[in-house]
Each structure stands twice: as C-alpha cells, then as structure tokens.
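Here's the structure, in structure tokens; my notes come after.
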Amino acid sequence: MQKGPIHEEFALKQTAPKIVGSGVMIGGDKVTVAYDLVEQMEYLYVRVVKAKELTKDVTGSCDPYVEVRVGNYKGITKHFEKKSNPEWNYVFAFSQDRLQASYIEVCVKDKDVVLDDMIGRVVFDLVDVPRRVPPDSSLAPQWYRLEDKRGEKLKKGEIMLAVWRGTQADEAFSDAWHSDAAAVGSEGISRIRGKVYLSPRLWYIRVNVIECQDLLPSEKNREPECCVKVMCGNQVLKTKISSIKSCNPMWNEDLVFVVAEPFEVPLVITVEDKVGSNFEFLGKCVLPLSIVPRRLDNKPVPSKWHNLEKHTVVEGEKKETKFASKIHMRLSLDGGYHVLDESIHYSSDFKPTSKLLWKSSIGLLELGIISATGLSAMKSKDGRGTTDAYCVAKYGPKWVRTRTIIDSLSPQWNEQYTWEVHDPCTVITVGVFDNGYLQGGKCTSIGKVRIRLSTLETEKVYTHSYPLIVLHPSGVKKMGEVQLAVRFSCTSYVNMLSKYTQPLFPKMHYAHPMSISQQDFLRFQTIQILSMRLGRAEPPLTKEVVDYMLDVGSHIWSVRRAKANFFRLIYVVSPILAIGKWFDQICHWKNPLTTILIHILFVILVLYPELIVPTFFLYLFLIGIWHYRLKPRHPPHMDIHISYAHGVLPDDLDEEFDTFPTSRGSDKVRMRYDRLRSIGGRIQTVIGDLATQGERFHSLLSWRDPRASALFVTFCLFAAIVMYVTPFQVVALLIGIYVLRHPRFRHKVPSLSTSFFKRLPARADCML
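Here the sequence shown stands for residues 1 to 768, where the numbers follow full-length UniProt numbering.
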C-alpha cells in the first residue's frame with residue numbers, strides 16, 4: 001500500500017515561482033532580497049494623516065471624510081461629525097497590476113443625508129509618485145492645499161498626505177486598506193487583515209493535597225469520608241476519598257492543571273464529606289495564582305498550611321466561624337515541563353515553559369505563502385461559487401495569519417514569515433480557510449499541510465504546490481493546491497546535530513512523568529485555553545481554526561485510522577518478513593550459488609567471531625550508501641494511501657464523521673457494535689495465541705507437565721556436558737550446517753524441537 005502509485009491529482013508538484021530565493025529570478029532591489037521566498041507585488045500607497053480648517057455649510061462646521069480614487073477603485077475613511085480638524089492616519093494600498101489610471105484623486109467630502117458635498121481635492125500624477133525601498137524610513141507626509149473642481153486653490157482647507165510606491169514588504173502593508181477588498185465595508189476591514197499571534201505562556205500547576213486538620217462535620221458521631229475538590233477556571237479535579245476516616249484525613253495526591261499568563265482565575269480548594277450519595281461542604285480556600293511558587297526542576301517546594309473558610313448563615317446574614325480548619329498542601333508552577341497543545345507525533349515545539357531553561361536556537365525557518373489554485377467554492381455569491389481564502393501557519397507559540405483575498409478561487413498572498421528553530425525534529429502546520437465572518441458565519445477549513453523540518457536540507461529552498469486533501473462523508477476530495485516556499489537555515493550545525501542525541505522532552509517529563517490519561521486531559525484543557533485567548537484577539541483566531549490546526553479529533557476511534565495504522569505496522573515489519581523468506585530460500589537451496597556463498601561466510605564468521613559485529617555495521621553502512629541515491633527529493637505531504645483514504649467504505653466514513661456520543665439510529669449503532677465485536681474477536685484470538693506461546697516457554701521448567709520438564713532438564717544437562725568438552729566453533733558449525741542442509745535431507749514433517757514445543761501445556765484450558 002505504501003509503495004502504490006499515487007494518483008496525479010493528489011501528488012506533490014514542484015513549482016518554479018519567480019522568487020530570488022530559488023534562483024529563478026536574478027537580481028532585484030532590496031525589497032525583493034528581503035522577501036526572497038515570495039513573488040514581488042507592486043502597490044501604490046496613500047497615507048491620509050489629517051486635515052485642518054475644513055468648512056462647508058453655513059455654520060462653518062462639517063462631517064468630513066476622505067475618498068481616494070485611482071481608476072475604478074475607491075477607498076473611503078470613516079467620517080467625523082462636526083469636526084473641522086479631523087485626524088485619520090489611514091493607509092490605502094492599491095495593487096498596481098489592476099490600475100488603469102494616470103492620476104490619483106484625494107477628495108475631502110462632507111457627509112450629508114441626501115448627497116455628500118465635496119469640500120476640496122488634491123490630484124497627483126502617477127508618474128511623479130516616488131518609490132520607497134525598505135529599510136529606508138517611511139516617507140514624511142506633507143500638507144497640501146485643497147483645490148476645487150476647477151483646479152483653483154481654496155482659501156482655507158489643507159490635508160496632510162504621503163503617496164509612494166512600494167511592495168508587500170512595506171511595514172504599512174499589514175494595516176492598510178487593500179483594493180482587493182474594495183467590496184468590504186469599513187467595519188469588516190479588521191476581519192480580513194493579516195496578523196501575527198503569540199500563544200500565551202502556559203504552565204502546569206501542581207497541587208499536592210497532603211492532609212487536613214480539625215475538620216468539623218455536621219454529624220459528630222459519624223466517621224467522615226472526606227475528599228478535596230480543586231477548581232481552576234473550568235477545570236475541576238477531585239482526590240480519592242481518604243482511607244483515614246476521621247477529622248484529620250490524609251491523601252498525599254497530586255492534581256495537575258493548565259493555566260495561562262496573565263493569570264486570570266484563582267485556585268479554589270474545597271473539602272467535602274460524602275454523606276450517602278451527596279457531598280457536604282466542610283470548608284473552602286481561595287488562592288491567587290500569583291502567590292504560587294515556581295520551580296524549574298524536580299525539587300519539592302515547601303508545603304504550607306492554609307485556613308479553610310466555612311460560613312454559617314444566621315437570620316439571613318453570613319457569619320464566619322471563629323475556629324478554622326486547616327489544609328496542608330504543596331503548590332508549585334512547574335516550569336520544567338513543556339505544555340502539550342499538539343500531538344506528540346507532529347509537534348512544533350518541545351521547549352519547557354520557563355525561559356530560563358531555553359537553549360539557544362539552532363536555525364531559522366522561513367515560509368513563503370505564495371498562492372493557491374483551484375480552490376473549491378465554499379459559498380455562493382450572485383449565483384456563482386466563490387471563496388474568501390486566507391492561510392494560517394503555526395510553529396511553536398507563533399501563529400501567523402495572512403490577509404483574506406476576497407472573492408477568488410486562485411488567491412495570491414505572497415507573504416513571508418520567519419520563525420526561530422530550537423529543534424529540527426519539529427513540524428510546521430499550514431492551513432487554508434474560508435473567511436465566513438464577512439457573511440455572519442464561521443470560518444470553514446479547506447485543507448492543511450504539515451512539513452517536518454528534519455526532512456529538509458539546510459539552506460535549500462523548496463518550492464512546491466501541496467494538494468489540500470480533505471476527507472468528507474462522501475469520500476476523499478482534493479480542495480485545491482497551495483503553493484509554498486520553505487527554507488530551513490542552520491546557524492549552528494554542531495548544535496543541530498547534538499539535538500539528535502538529547503531527550504525529546506525536557507527533563508521533568510522523565511523525572512516526574514505523567515500518565516497517558518493525564519496528558520490527554522491536560523492537552524484538551526490547553527486547547528480550550530488557547531481557543532479562548534486567541535479568540536479574543538483582533539481579528540480573532542476562532543475556535544474552529546485553532547481546533548483544526550491542532551487536530552483535536554485525532555484520538556477518536558475510526559475504522560479507517562485503525563486499518564491505516566495496521567498497514568503501517570505491516571510495512572514496518574515487512575523487512576523482517578522479507579529476511580525470513582530470503583533465509584528460507586537459502587535453506588532450501590533455491591539459488592545454489594548464493595547458498596554456497598552463505599556457507600562460506602558462515603564458516604568465516606564462526607572461525608573468526610570477532611568479525612561478526614564489524615561485518616554487521618559494515619553491512620548497514622553499505623545499505624545506507626546504496627539508498628542515498630534513492631533519497632527523497634521532496635518533502636513529505638498528506639498521502640491518501642498511507643491514510644487509507646482511497647479504499648475506505650461509505651459506512652466507515654459515516655462512523656468517522658459521527659458525533660460523540662453518537663447521533664445515529666439504534667439499528668446502525670447495533671451493526672457497528674457487532675462489527676467492532678468481530679474485530680475485537682480477531683484481536684483477542686491473536687493475543688491469546690501469543691499468550692499461549694509464552695506460557696509454553698514458562699512450562700519448560702515449571703514441571704506442570706512432569707515428563708516434558710524431565711526431558712528438557714535431561715537435555716539441558718546433556719547439552720551442558722557436550723558444550724563443555726566441545727569447542728564452541730565446532731558446535732556452531734554443526735548447527736549452521738544442519739540448518740542450511742540440502743532439501744534432499746529435509747522432511748516435510750515438523751522438526752523434533754517444534755513438535756516438542758507444541759506439546760507443552762498452556763493455561764488456555766483453564767479459561768472459562
């Protein structure tokens with residue numbers, strides 16, 4: 001399956017964009033060199049700063065706004081009510097590829113109910129507009145006297161402007177109004193801008209509940225069954241009920257939560273007593289996270305006693321008790337862990353939380369998001385399909401979002417971003433989405449791409465068109481292609497190679513490991529916190545985008561994933577099976593010349609055993625050199641064969657896209673349950689067979705079968721005597737020659753050792 005032919009539609013395609021980094025475009029100015037992984041896009045920038053001494057109506061006041069016209073494109077600022085000296089500080093960016101004009105007209109107008117009146121205007125010839133090349137400072141705006149429609153200067157009224165030519169490398173590009181989004185209103189501009197986001201710093205907070213003292217249950221004659229409930233925001237965990245049923249219970253349990261800086265929620269500790277099926281409140285303690293000590297290693301922090309508050313109500317008034325119970329706890333913010341927000345198998349970061357433990361970076365990752373082609377229509381507009389596409393890329397704590405290209409199935413972004421790399425064995429994820437907020441809906445995923453940095457050669461630019469493959473309830477579908485340029489630059493080759501010899505995670509993961517279920521719970525809570533924090537940015541990185549980029553539903557059961565993982569396992573063990581098949585052919589003399597050579601090699605290794613290990617490593621070296629000429633020339637991408645998406649059945653897809661818990665009918669659920677029982681039965685049989693073979697090994701010396709054990713013990717004594725008096729080389733030669741004997745001396749019945757082993761007893765006959 002892994003080596004099967006890939007359909008051309010889902011294949012990775014190498015491209016040759018006109019970029020400096022790939023060597024296709026030679027030369028260029030400083031802008032091109034700075035943005036060397038994307039194609040250069042020319043823009044005309046107009047910065048409207050402010051105006052003064054504007055008057056229009058009889059009262060001398062006006063409601064001014066500015067309208068910038070270049071050919072058929074028109075950009076408008078917001079208007080101010082009754083303000084003669086307004087300030088806008090707004091930038092317009094017009095794509096020069098679509099301009100069909102010879103001048104720029106900047107009009108200052110007075111907003112009116114019926115018809116807006118023109119206060120004045122300024123006109124520039126395009127040929128006179130200067131060009132600005134970063135890193136030069138921004139062009140200083142100047143005051144211009146307004147003119148009327150006849151071109152005569154007004155007595156009053158000036159506007160401060162700056163007009164220049166530039167590219168997408170200009171710092172004004174990200175916050176500018178773009179002519180590509182001319183149909184978007186001023187209130188929707190913020191929703192389509194490109195931005196860079198940083199994930200909040202995430203911490204694991206460990207609450208070690210040790211004991212309580214002097215608890216006061218309501219029933220004094222009953223032994224309390226106490227537990228401690230700890231709440232941190234939406235996360236709630238409980239200890240077990242204490243085995244010491246008294247007013248001084250003990251637990252010594254660890255509860256771990258995820259928190260994000262800045263800390264917004266306190267830690268609420270509640271002690272409860274189980275009375276029947278209910279829990280009775282015994283006391284509460286509220287602690288702000290700012291007082292919790294931080295630790296970088298596995299050394300325990302000092303424990304502390306905290307008072308438990310218990311309020312009683314007397315005639316409608318809350319009254320505090322004079323005597324307070326106490327709880328003994330050890331709290332710490334563990335900065336030595338890496339808080340997992342992605343799957344371990346394709347994580348983009350392994351650094352610990354505390355910056356004090358960070359090591360220097362080993363290189364830079366540069367990503368050029370060039371364009372997309374053939375995108376599927378995600379919505380309808382004026383009776384035709386369209387898409388408002390944007391890209392999101394995540395690597396480490398840094399998320400980037402390109403601007404949204406309105407109403408295009410082949411958008412061109414040409415935006416370049418850079419990340420510091422601390423570990424080469426990490427993965428960058430790039431997702432393509434449709435911006436649904438312009439129509440009042442949600443953002444819809446189009447597809448995503450993962451690129452592992454360790455598969456890239458350093459200092460080489462990879463320019464490819466990646467297929468956006470998505471699995472739908474109707475089957476696998478290609479949603480389009482995204483064209484990317486990637487370069488991994490190494491600043492310290494020695495440090496990068498040393499990373500391969502270091503642990504993948506920080507030391508705390510091994511000194512104080514967490515269980516699998518605990519990691520899954522904490523990862524789920526981490527994703528919820530990230531969704532909430534990034535959703536509060538402007539423009540927001542919404543929950544559906546964060547969930548899709550972090551692959552939230554990857555742990556849900558799927559028959560397709562189970563089959564794909566099974567075939568992956570078969571692919572891994574296939575070389576071992578191939579070696580066994582080859583050895584069987586050698587033993588049966590299928591190729592006499594090869595068998596004779598193996599005999600000679602075997603005799604040499606037996607007579608000179610010190611050559612066995614060097615020969616083994618030399619063999620591996622030669623295999624590696626032989627495979628070097630076949631090494632992959634392109635980075636890996638989403639593969640429908642590895643994912644088993646090409647042969648998945650419709651019912652398997654329906655089950656994979658079902659909700660959790662299920663929303664399907666009882667008949668379908670019963671059918672799937674029966675199928676799952678059938679699959680489980682086969683797995684159960686295989687596990688039982690493996691257990692049987694292991695139990696037979698155990699029974700060799702357990703005397704469960706006294707005759708078999710007696711025969712084996714006698715054989716062991718005889719073998720020991722023979723091995724003592726016979727050189728090892730002679731024994732090895734005899735065994736090897738016997739194994740490699742000619743088929744004429746072989747029999748079709750099993751060997752004596754095999755027959756003896758299969759007759760040994762197992763414990764399968766003791767099972768119900």
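Ideal placement from N, C-alpha and C gives every residue a C-beta, glycine not left out.
Computed from a predicted structure; not experimentally measured.
Alpha carbon to alpha carbon, how far is residue i from residue j?
i: residue 106; j: residue 100; result: 16 Å
i: residue 32; j: residue 177; result: The predicted model places residue 32 with a pLDDT of 46, which falls under 50 and marks its position as unreliable, so this point remains unresolved.
i: residue 690; j: residue 732; result: 29 Å
i: residue 117; j: residue 235; result: 59 Å
i: residue 784; j: residue 346; result: Because the chain spans 1 through 768 in this model, residue 784 falls outside it and cannot be assessed.
i: residue 299; j: residue 203; result: 17 Å
i: residue 392; j: residue 480; result: 16 Å
i: residue 660; j: residue 447; result: 23 Å
i: residue 149; j: residue 88; result: 23 Å
i: residue 623; j: residue 257; result: 48 Å
i: residue 737; j: residue 568; result: 36 Å
i: residue 14; j: residue 639; result: 16 Å
i: residue 674; j: residue 573; result: 30 Å
i: residue 401; j: residue 135; result: 23 Å
i: residue 474; j: residue 556; result: 19 Å
i: residue 123; j: residue 103; result: 7 Å
i: residue 769; j: residue 580; result: The displayed coordinates of the chain run from 1 to 768. Any statement about residue 769 would go beyond what the structure contains.
i: residue 542; j: residue 437; result: 10 Å
i: residue 647; j: residue 751; result: 42 Å
Mind checking if residue i is an interface residue toward chain D, Cβ cutoff 7 Å exclusive?
i: residue 104; result: Note that chain D does not occur in the displayed structure, where there is just one protein chain.
Using C-beta distances below 8 Å, list every residue in its chain close to residue i, excluding the 5 sequence neighbours before and after it, in chain order.
i: residue 252; result: 208, 209, 210, 211
i: residue 537; result: 195, 197
i: residue 41; result: 95, 97, 167, 168, 412, 414
i: residue 161; result: 46, 47, 48, 49, 106, 122, 141, 142, 144
Can you give me the start and stop residues for the alpha helix (DSSP H) that residue i sits inside?
i: residue 517; result: 516-534
i: residue 371; result: Not the alpha helix (DSSP H): residue 371 falls in the beta strand (DSSP E), residues 363-373.
i: residue 716; result: 706-725
i: residue 697; result: 666-698
i: residue 626; result: 612-628
i: residue 756; result: 752-758
i: residue 594; result: 592-607
i: residue 582; result: 559-587
i: residue 653; result: 650-656
Counting C-beta neighbours from all protein chains within 10 Å, is the total for residue i 16 or more, i.e. buried, or is it exposed?
i: residue 109; result: buried
i: residue 368; result: buried
i: residue 630; result: exposed
i: residue 215; result: buried
i: residue 206; result: buried
i: residue 374; result: exposed
i: residue 16; result: exposed
i: residue 627; result: exposed
i: residue 464; result: buried
i: residue 30; result: Note that residue 30 has pLDDT 45, beneath the 50 cutoff, so the model's placement of it is unreliable and no number is given.
i: residue 766; result: exposed
The beta strand (DSSP E) with residue i in it runs from where to where?
i: residue 429; result: 427-434
i: residue 269; result: 267-275
i: residue 107; result: 103-110
i: residue 169; result: It is not in any beta strand (DSSP E) - residue 169 carries neither H nor E in the DSSP assignment.
i: residue 345; result: Counting along the chain, residue 345 falls outside any beta strand (DSSP E), and DSSP gives it neither H nor E.
Short of 6 Å in beta carbon distance, which residues of its chain neighbour residue i, apart from the five on each side in sequence? Order them along the chain.
i: residue 495; result: 362
i: residue 113; result: none
i: residue 92; result: 46, 68, 75, 177
i: residue 2; result: Any reading at residue 2 needs caution, since the residue's pLDDT is 44, under 50, leaving its predicted position unreliable; the model's value is listed next. Correct list, in chain order: 571.
i: residue 491; result: 363
i: residue 269; result: 230, 285
Taking 7 Å as the limit between beta carbons, can you name the residues of its chain near residue i, skipping five residues before and five after?
i: residue 233; result: 265
i: residue 411; result: 371, 372, 389, 405
Counting Cβ pairs, one atom from each stretch, are 3 or more of them under 8 Å apart for the stretch 455-462 and the stretch 340-351? No, the stretch 455-462 is not in contact with the stretch 340-351.
Quick test of the definition: if touching needs 3 or more C-beta pairs under 8 Å, does the stretch 157-176 touch the stretch 121-135? Cβ pair count under 8 Å is three or more, so yes.
Contact the stretch 438-447 vs the stretch 407-421: 3+ CB pairs below 8 Å: Contact fails: fewer than three Cβ-Cβ distances are below 8 Å.
Does the stretch 529-549 come within contact of the stretch 190-201, defined as at least 3 CB pairs closer than 8 Å? Note that the stretch 529-549 touches the stretch 190-201; at least 3 beta-carbon pairs, one per stretch, sit closer than 8 Å.
At a cut of 8 Å, does the stretch 644-656 reach the stretch 557-567 through at least three beta carbon pairs? These segments touch.
How about the stretch 691-707 and the stretch 760-767: do they share at least three Cβ pairs that are nearer than 8 Å? Output reads yes: the stretch 760-767 touches the stretch 691-707.
Could you tell me whether the stretch 487-494 touches the stretch 348-366, where touching means 3 or more Cβ pairs closer than 8 Å? With the cut-off at 8 Å, the stretch 487-494 and the stretch 348-366 touch.
Do the stretch 590-597 and the stretch 660-680 meet, that is, are 3 or more Cβ pairs less than 8 Å apart? No contact exists between the stretch 590-597 and the stretch 660-680.
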